[in-house]
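Structure first, then comments.
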Amino acid sequence: MSWDQNRQEQYHQEHDQPGQFGQYDQYPQQGYGYGYVQQPDPYGHGEPSDPYGRARQPQAYGAVSPEYAAAGGVPAAPHGWDPTELPSPAQPDPGGDAAEQPLPAPEESAPRTGAGAQGRDRYFDALRAVALVRVVTYHTFGWAWAGLVFPSMGVMFALAGTLMAKSLERPALKVIRSRMRRLLPPFWFWGFFVVVAMLIHDWMPGWQIVFWIVPVGDPPGNQWGAQAWEILWYLRTYLWFVLLSPLLLRIFRRAPTPVLLLSLVPIVVFQYVWQPPYDRFGSALTDLATYGFCWLLGFAHREGVLQRLRPGPVVLASLAALACGGWYAFVQRSAAGTYDLDEIPLAQAFWSAGFVTLLMYFKAYCDVDFAWLTRFRRLDRIVTIFNGRAVTIYLWHEIALVLAVPLIDQFWKVPAFEKWLPLESQWFMFGIGWLLIWIAVPLFGWVEDVAARKKPRLLP
Numbered sequence: 202m203s204w205d206q207n208r209q210e211q212y213h214q215e216h217d218q219p220g221q222f223g224q225y226d227q228y229p230q231q232g233y234g235y236g237y238v239q240q241p242d243p244y245g246h247g248e249p250s251d252p253y254g255r256a257r258q259p260q261a262y263g264a265v266s267p268e269y270a271a272a273g274g275v276p277a278a279p280h281g282w283d284p285t286e287l288p289s290p291a292q293p294d295p296g297g298d299a300a301e302q303p304l305p306a307p308e309e310s311a312p313r314t315g316a317g318a319q320g321r322d323r324y325f326d327a328l329r330a331v332a333l334v335r336v337v338t339y340h341t342f343g344w345a346w347a348g349l350v351f352p353s354m355g356v357m358f359a360l361a362g363t364l365m366a367k368s369l370e371r372p373a374l375k376v377i378r379s380r381m382r383r384l385l386p387p388f389w390f391w392g393f394f395v396v397v398a399m400l401i402h403d404w405m406p407g408w409q410i411v412f413w414i415v416p417v418g419d420p421p422g423n424q425w426g427a428q429a430w431e432i433l434w435y436l437r438t439y440l441w442f443v444l445l446s447p448l449l450l451r452i453f454r455r456a457p458t459p460v461l462l463l464s465l466v467p468i469v470v471f472q473y474v475w476q477p478p479y480d481r482f483g484s485a486l487t488d489l490a491t492y493g494f495c496w497l498l499g500f501a502h503r504e505g506v507l508q509r510l511r512p513g514p515v516v517l518a519s520l521a522a523l524a525c526g527g528w529y530a531f532v533q534r535s536a537a538g539t540y541d542l543d544e545i546p547l548a549q550a551f552w553s554a555g556f557v558t559l560l561m562y563f564k565a566y567c568d569v570d571f572a573w574l575t576r577f578r579r580l581d582r583i584v585t586i587f588n589g590r591a592v593t594i595y596l597w598h599e600i601a602l603v604l605a606v607p608l609i610d611q612f613w614k615v616p617a618f619e620k621w622l623p624l625e626s627q628w629f630m631f632g633i634g635w636l637l638i639w640i641a642v643p644l645f646g647w648v649e650d651v652a653a654r655k656k657p658r659l660l661p
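Residue numbers (the numbering used here): 202 to 661.
Listed below in structure tokens is the structure:
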């Protein structure tokens, strides 16, 4: 049996405890975890945490306890793009690193084989925008099937891997330094507000606060602000992939296809042979193993490996991976309490591998670029904003959803709003959340321009 029975029982005893965010603490805690058992907090958050530093399985905002009517609340967002890789607009950088961006960049260059046009690739831009929308949707409704429809985190890591392989045509240290420069200022700016808010609400950090400076490990926090800081697992995983990429790319180039296939072995080992420790190190190992294939798949696209593969074997292998991931998710449904891929790392790894391979191979083999998107000016503009402010949208979207709750509570005090607006609907909260996100984009998005050494603008 792949799961220890005591761990299963402990998980089911704890995973329904409510999370908090200020006074709005009546929603059940959603999480970013993989359904592992809850353990004593390894990060100094002051609250129980699961072995991988994440919270419990997501629940829809509307599926709450009766206390909501009296107090209101909001669940913590489950992991899903989960910070994944959020790009800046493709514009020349005075420093010479226009391609260096903390998340999948909007400009996708052709593989080394020479196919495809240089410059912005609207196919990848569109995938990135869809991934962000799916993240916000999942964090609002908590639909377990969302990851099956579109595994946004796997997509974002694959796009980031493609860009990283392109960037490493330059000196590795310069690339890593530029990537960190792009990522850290928006993170610090956002983190300042979150850390100060938690300090006001009785949080006293230890030495682990260094992870709020460089998130090579999960930054600490208290349960009051859990809904904000839990999304940072993505930044941590992305940062480690960036640091490891020079070595990974060398290994990949020696034997591309075998290395790509073998990248799925670690997550199988973690599931059946050895479970990583319940700490920051173990959490990082699990996420790297879960999305390592997707990152290397980005290398395969950039290096022209996918173009050289025949359609038949690629499609069959992708369908086999999808079948494996889907089968395992439903087999583990009783143990994890859900078939949500975000709760089951092995299922997430194989489903994302199959799904993203089909997307990337379609791009490489058919040389699609979605150039037609430019004919729809408004839609094209939205895609541009999503790509140019991806970091901002990812970091601030959960806070926007949290703030939507007290805002909607105020609407109840206006008789006309109470009568004519669907204030109890999750879709209404979804709309208010997006409204607040679009307010955050011009308010805070300029930090991405500063980090990229560009002239600050309200919109890209």
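Beta carbons: idealized from backbone N, C-alpha and C, even for Gly. On a predicted model such as this, the values are computed, not experimentally measured, just so you know.
- Message: Ignoring anything shorter than 4 residues, give me the alpha helix (DSSP H) runs that lie fully in the stretch 578-635, in order along the chain.
- Response: Qualifying alpha helix (DSSP H) stretches, in chain order: 578-589, 591-612, 616-621.
- For valine 651, count neighbouring Cβ atoms within 10 angstroms of its own Cβ and tell me buried if that reaches 16, exposed if not. Taking all protein chains shown into account, valine 651 has fewer than 16 neighbouring C-beta atoms within 10 Å of its C-beta and is therefore exposed.
- Ends of the alpha helix (DSSP H) at valine 460? For valine 460, the enclosing alpha helix (DSSP H) covers residues 457-463.
- Query: Applying the criterion that 16 or more other CB atoms from any shown protein chain within 10 Å of the CB defines a buried residue, is serine 626 buried or exposed?
  - Reply: Burial call: exposed.
- Item | Cβ-based neighbour list, phenylalanine 351, same chain, cut-off 6 Å, excluding 5 preceding and 5 following | Closer than 6 Å at Cβ, skipping near neighbours: Arg335.
- Item | arginine 503 beta carbon less than 7 Å from that of alanine 366 | Yes.
- Drop a sphere of 10 angstroms on the beta-carbon of aspartate 326, count the other beta-carbons inside from all chains shown, and report buried for 16 or more, exposed for fewer. Its Cβ being crowded by 16 or more others within 10 Å, aspartate 326 is buried.
- Message: Considering Cα atoms alone, identify which of Phe412, Tyr529, Ile609 is closest to isoleucine 468.
- Response: Ranked by how close their Cα comes to the Cα of isoleucine 468, the residues Phe412, Tyr529, Ile609 have Tyr529 in first place.
- Item | Within 7 Å, strictly: CB atoms of valine 557 and alanine 359 | Going by C-beta atoms, valine 557 is nearer than 7 Å to alanine 359.
- Query: Which of helix, strand or coil does DSSP assign to phenylalanine 563?
  - Reply: Of the three classes helix, strand and coil, the one that applies to phenylalanine 563 here is helix, per DSSP.
- Message: Counting only beta-carbon separations shorter than 7 Å, does valine 592 have a partner in chain D?
- Response: Absent here is chain D; the protein component of the structure consists of one chain.
- proline 421 (DSSP reduced to helix, strand or coil): Shown here, proline 421 sits in coil according to DSSP, grouped into three states, outside any helix or strand.
- Coarse secondary structure for glutamate 504, derived from DSSP in three states: Glutamate 504: coil per DSSP, three-state reduction.
- Take isoleucine 633 and list the residues in its own chain whose beta-carbon comes closer than 7 Å to its own, dropping the five residues that flank it on each side. Taken in chain order, the residues that qualify are Ala605, Leu608, Ile609.
- Let me know the secondary structure DSSP gives histidine 402 once reduced to three states. Of the three classes helix, strand and coil, the one that applies to histidine 402 here is coil, per DSSP.
- Three or more C-beta pairs closer than 8 Å, one from the stretch 444-463 and one from the stretch 503-516: is that the case here? Output reads yes: the stretch 503-516 touches the stretch 444-463.
- Message: Please list the terminal residues of the continuous alpha helix (DSSP H) segment that includes arginine 576.
- Response: Here arginine 576 belongs to no alpha helix (DSSP H), and DSSP marks it neither H nor E.
- Message: Measuring alpha carbon to alpha carbon, tell me which residue in Phe551, Tyr492, Trp408 is nearest alanine 518.
- Response: Minimum Cα distance to alanine 518 is reached at Phe551.
- Taking C-beta to C-beta, are valine 603 and glutamine 428 nearer than 7 Å? It is a contact, given that the beta carbons lie within the stated cut-off.
- Task: Have a look at tryptophan 639 and tryptophan 573 and give me their C-alpha separation to the nearest angstrom.
- Result: Distance between the alpha carbons of tryptophan 639 and tryptophan 573 is about 25 Å.
- Any idea what DSSP makes of phenylalanine 187, helix, strand or coil? Because the chain spans 202 through 661 in this model, residue 187 falls outside it and cannot be assessed.
- Query: Just how far apart, CA to CA, sit leucine 328 and arginine 590?
  - Reply: So the alpha carbons of these two residues sit roughly 15 Å apart.
- What are the start and end residues of the alpha helix (DSSP H) that includes aspartate 650? Taken as a continuous stretch (DSSP letters only), the alpha helix (DSSP H) holding aspartate 650 covers 647-652.
- Query: DSSP three-state call for tyrosine 540: helix, strand or coil?
  - Reply: In this structure, tyrosine 540 counts as coil in the three-state DSSP scheme.
- Between leucine 673 and phenylalanine 500, what straight-line distance do the alpha-carbon atoms span, to the nearest angstrom? Residue 673 is absent from the structure shown; the chain starts at 202 and stops at 661.
- Please work out which residues of its chain come closer than 8 Å, Cβ to Cβ, to valine 460, disregarding the five sequence neighbours upstream and downstream, and give them in chain order. Taken in chain order, the residues that qualify are Ile452, Phe453, Leu497.
- Task: Mind checking which residues open and close the alpha helix (DSSP H) that includes glutamine 472?
- Result: Its alpha helix (DSSP H) spans residues 466-473.
- Extent of the continuous alpha helix (DSSP H) run through glycine 526: Segment 512-532, the alpha helix (DSSP H) holding glycine 526.
- Query: Nearest-angstrom Cα distance between glutamate 599 and valine 337?
  - Reply: When the Cα atoms are used, glutamate 599 and valine 337 turn out to be separated by approximately 8 Å.
- Please confirm if the stretch 427-445 is in contact with the stretch 478-489, defined as three or more CB-CB distances below 8 Å between the two stretches. Contact holds: three or more Cβ-Cβ distances are below 8 Å.
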